[in-house]
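In what follows, a structure is listed as structure tokens, so that the remarks can point back to it.
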Amino acid sequence: MRLMIVDDASFMRVAIRRMIETKEYEVVCEAEDGQQAIEKFQKYRPDIITMDITMPNLSGIEALKEIKKLSSTVKVIMVSAMGQEALIREAVMHGANSFIVKPFKEDKLIEVLESLKS
Amino acid sequence: MNNSYIDEPMLEAYVYETSQIIETLEQLMIQSEKVGNFSADAINEIFRFMHTIKGSSAMMMFNEISTLAHKIEDIFYVIRENQGVKYDFSTLVDCILESVDYYKIELIKIRNGETPDGDTASLTDKVNDYLEMLKEDNGLKKTKKEKETKSEKDQKYYIRPSKKEDPAKYYKAKIMFKKDCEMENIRAYTVIHNIVDLVEEVLYKPSDIIDNDQSIDDIRANGFLMAIRSTSSEEDIRKYLEKTVFLESLDFGEAEEDWYKEFEVIYQDQEIHDDIKIPETSKKYIENQKVKKEKEDIKQEVTATTTQSIISVNVDKLDMLMDMVGELVIAEAMVSQNPEVVRLEIESFEKASRQLHKISSELQDMVMAIRMVALSTTFMKMHRIVRDMTRKLSKDVVLDVYGEETEVDKNIIEKIADPLMHIIRNAIDHGIEDGEDRVAKGKSKQGSIILEAKNSGSDVLIIIKDDGKGLDKQKIYEKAYNQGLIYQSIEDLNDKDIYRLILHPGFSMKEQVTEFSGRGVGMDVVAKNIESIGGSVIVDSVLGKGTTIILKIPLTLAIIEGMNIKVGESRFTIPIVSVKESFRPGSREIIRDPDGREMIMVRGLCYPIVKLYEYYGLRTDVKDYENGILIMVEEDDRSCCLLADELLGQQQVVVKSLPNYIKRYKQVKGLGGCTLLGDGSISLILDVGEFELSNVLDK
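In order, the protein sequence lines correspond to chains A and B. Mapping of the first sequence onto the numbering used here: residues 1 to 118, in sequence order. Mapping of the second sequence onto the numbering used here: residues 119 to 817, in sequence order.
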């Protein structure tokens, strides 16, 4: 599975990468904001995207909408924090396939990823 | 750290990023304070900063840090979402700066592998009170935190039965989510949202999963119940439901129509009880995503955080790289200057070694460039110092910064922050007078401190200039004399010598001790810190007008251009910046003073002579001036002449500090380090400043 990590916090990118790499998932690219996410998605065509919501330039939800227009098969996992219920709901309405709430550990992330395999 | 998944790189990334955020945040506060308000961009940025810290810290299990960040995030959420909201700007800045200080301390603990255990209770309370006040003052008490989703109540996710009979079957399902999966209501919502392709109608309980966060507790306790009417096969539905993320257990099976009807009744009852007003007509579920109005223009101005392709590298690795390049330079010299090869005079070898030299020096330049960091971050910190101090001492001082883009080696930059801070504190505390005094003296009420950096050859000059009361020569001299630091009379000393006394260990004006300065740790520590990185401190002052302190700092510590000299069998290297000239004197210019000390007259000026063989007790045949050579060295306008056997040549050398065991064993004066020469022999680097220099120029 080819993954893209979208997060404006480099720590989160490192954290997610370290949680999933070594497994059967390969992180093909990272993006720091929604705009970059769309650009990199077109270039790398990952299977799964972990998408932060609060980001500069273009929010995760806007990026999600655009990416879902570009591909119907890509799976998007929203990475959210407590207190963002409404935003996740919005994301789900716009096609987010699943979501995960910070703080999370490796096993949870893997479980979400596994559930998206079809 | 009890979490196996948190490892070193994550910790490093966390500390690095959080520190950066904190620093930027602090600067943003100081800048905003100057303007007197937060710009829309600033508010957005602060919100995002706090959001990031909240998330990252939660991931690292630093809950206190995370909670505090969450609170501040909330404050800025309110400010961002409610245009024209009134808030107490200065209290908020204070709150955030206090939090910044707290974060700094905790980050140091984390970096050192300790648990961040700082008590945030009072700080969190403060922030919390502020948030409450903010909401109250603006009548936002009831505003839901995440109110941006215009609660789409009319979007009930279930489908009304069509009137005519259909071959649909009824199913019931109960989903239990795994513990700790969080936001069970939204998870349930996801299930319902995606099941619609598969079913004719779905009813669920609790029904208020969208609007009511309390439904989480219900789902946790009783599970998420669904009544499904569908023409799809049981298997398909089951498969779909089984794919639910964080599914603890699924109870799924066919149900009686009666049961379904019953559920429907309960469902409707419940809705009435819950007092959710949903017009009967709109209960028919139509997923109408297109209705969603397009979000406001998302074109935001690109903020200061422009993305660059930058990676962060551990400084240790850079140090190692630097070391290795140093070794390479030495090895290159060893090969290309190998006496036996040189004797052969092979043209192709010459050519090849020139090429090698070119590449290795380019490599060296590049490594140096990588390690260079702009002084801006260090300078920005000073704004905070000035802010805090002027408030405490109720003085009005403005700090102007110039040349903050000047770059210095990373290792050096770390060493100058403290001295700089100390000098600026001194300037505000002792230098700049109170407002009235200033006016009485005909100065502007507002004091001024200028902080400037500029390149000057292989040095960087950092100039701190204040327009305060200046240094009192007479007073300094008297103090120093009484403290036994000098024995000359004041007429024998020039201004710079006197001002230099304030750098002397043990010297203190100690007239008034304040919270910020005058507590023993004085200018001597500043001087020592600066000298430890090969720099020097120059003090100049005009009484009544102000004081200027100049820190002269080398660009880099690691590689210097040196002049190699020979004394007996020993080799020494003098940093080329210290060498003024070298010459072979005749014995006639030599003068002896009554104590037998030798001096030499050059162009009408008198320079003391240090005979290196004598100074270090070395055996050599060259003891007279006819055969030896004198090297005139200078530091801070003070000079002397060193006597050596001969000059060996100029070369770039890699500075290695003397091993600790040698330093412990014996303090040898005048040594700044050591290096390896091209032929593999060791050369000691002379620290000219430690010799007995004399101030020839002014006499």
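Note that the Cβ used here is the ideal one computed from N, Cα and C, for glycine as well.
Those residues which DSSP pairs with residue i across a bridge
i, result
"M490(B)", "D527(B)"
"F104(A)", "DSSP, once it has assigned bridges, lists no residue as partnering F104(A)."
"S348(B)", "K287(B)"
"L446(B)", "BP columns for L446(B) are empty, so no partner."
"L517(B)", "I567(B)"
"T666(B)", "K583(B), D658(B)"
"P726(B)", "M717(B)"
"F690(B)", "I683(B), L802(B)"
"Y322(B)", "M344(B)"
"C792(B)", "K774(B), L802(B)"
"K787(B)", "For K787(B), which the question treats as bridged, DSSP gives no partner whatsoever."
"F295(B)", "L365(B)"
"A81(A)", "K102(A)"
"F370(B)", "A291(B)"
"M51(A)", "V6(A), M78(A)"
7 Å Cβ cut-off: residues of chain A touching residue i
i, result
"A131(B)", "S10, F11, V14"
"D547(B)", "Those within 7 Å of D547(B) in chain A number zero; the least Cβ separation is about 39 Å."
"E827(B)", "An answer regarding residue 827(B) cannot be provided, because it is not within the stretch 119 to 817 covered by chain B."
Alpha carbon of residue i to alpha carbon of residue j, nearest angstrom
i, j, result
"Q460(B)", "E468(B)", "For clarity, residue 460(B) is Val in the given sequence; the question names Gln instead. Looking at the two C-alpha atoms, the distance is approximately 9 Å."
"L215(B)", "E144(B)", "7 Å"
"I677(B)", "V218(B)", "37 Å"
"Q606(B)", "L619(B)", "12 Å"
"E389(B)", "S325(B)", "Bear in mind that a pLDDT of 46 at E389(B), under 50, signals an unreliable position, so the model cannot answer this."
"N778(B)", "K646(B)", "18 Å"
"M12(A)", "V6(A)", "9 Å"
"I531(B)", "D298(B)", "46 Å"
"I568(B)", "S799(B)", "47 Å"
"T349(B)", "V314(B)", "12 Å"
"V447(B)", "E199(B)", "59 Å"
"R502(B)", "A492(B)", "18 Å"
"K559(B)", "E551(B)", "10 Å"
"L359(B)", "I327(B)", "18 Å"
"C759(B)", "E744(B)", "15 Å"
"K476(B)", "P234(B)", "49 Å"
"E716(B)", "E732(B)", "13 Å"
"L621(B)", "I651(B)", "16 Å"
"S72(A)", "G34(A)", "18 Å"
"Y734(B)", "G788(B)", "10 Å"
"S812(B)", "M438(B)", "39 Å"
Under 8 Å by beta carbon: chain A residues contacting residue i
i, result
"Y307(B)", "R89, V92"
"H311(B)", "V92, M93"
"I304(B)", "E85, I88, R89, V92, F99"
Where residue i meets chain B, residues with beta-carbon distance less than 7 Å
i, result
"E24(A)", "Correct list: empty, because the minimum Cβ distance to chain B is about 18 Å."
"T54(A)", "R166, H169"
Contacts that residue i makes with chain A (C-beta to C-beta distance below 9 Å)
i, result
"M301(B)", "S80, M82, Q84, E85, I88, F99, V101"
"E182(B)", "Under the 9 Å cutoff, chain A gives no residues; its nearest Cβ is about 14 Å from E182(B)."
Chain B contact residues for residue i, given Cβ-Cβ distances below 8 Å
i, result
"R18(A)", "Y123, D125, P127, M128"
Cutoff 8 Å: residue i Cβ touching any chain C Cβ
i, result
"S10(A)", "Absent from the structure is chain C; the protein chains it does hold are A and B."
Contact set between the segment 78 to 93 of chain A and chain B, restricted to residues whose Cβ is under 7 Å from the partner: A81, G83, Q84, E85, A86, L87, I88, R89, E90, V92, M93
Given a limit of 9 Å on CB to CB distance, which residues of the segment 166 to 180 of chain B reach chain A? Under the 9 Å Cβ criterion, the segment 166 to 180 of chain B contributes R166, H169, T170, I171, K172, G173, S174, S175, A176, M177, M178, M179.
Name the residues in the segment 101 to 112 of chain A whose C-beta lies less than 8 Å from a C-beta of chain B; which are they? V101, K102, P103, F104, K105, E106, K108, E111, V112
Report yes or no: do the segment 56 to 68 of chain A and the segment 90 to 97 of chain A share at least 3 C-beta pairs separated by less than 8 Å? Flag = yes, the segment 56 to 68 of chain A and the segment 90 to 97 of chain A touch.
Mind checking the segment 61 to 75 of chain A against chain B and listing, in chain order, the residues whose C-beta falls within less than 7 Å of any C-beta there? E62
Report yes or no: do three or more beta-carbon pairs, one from the segment 792 to 810 of chain B and one from the segment 463 to 479 of chain B, lie closer than 8 Å? Between the segment 792 to 810 of chain B and the segment 463 to 479 of chain B, the count of C-beta pairs closer than 8 Å stays below three; the two stretches do not touch.
Taking contact to mean at least 3 C-beta pairs separated by less than 8 Å, is the segment 755 to 775 of chain B in contact with the segment 681 to 690 of chain B? yes
Listed from N- to C-terminal order along the chain, which residues in the segment 324 to 343 of chain B have their beta-carbon within a distance smaller than 7 Å of any beta-carbon of chain A? I328, D331
State whether the segment 741 to 751 of chain B contacts the segment 779 to 795 of chain B, with contact taken as three or more CB pairs (one from each stretch) at a distance under 8 Å. no
Tell me which residues of the segment 356 to 373 of chain B have at least one Cβ-Cβ distance to chain A shorter than 7 Å, keeping chain order. K361, V363, F364
Is there contact between the segment 164 to 174 of chain B and the segment 508 to 523 of chain B, where contact requires at least three CB pairs shorter than 8 Å? no
Specify whether the segment 99 to 106 of chain A and the segment 73 to 90 of chain A touch according to this definition: at least 3 beta carbon pairs, one from each stretch, less than 8 Å apart. yes
Does the pairing of the segment 790 to 804 of chain B with the segment 689 to 700 of chain B give three or more beta-carbon distances under 8 Å? yes
Determine contact between the segment 526 to 543 of chain B and the segment 576 to 591 of chain B, defined as no fewer than three beta-carbon pairs at a distance below 8 Å. yes
Does the segment 121 to 140 of chain B come close enough to the segment 175 to 194 of chain B to have 3 or more Cβ pairs within less than 8 Å? yes
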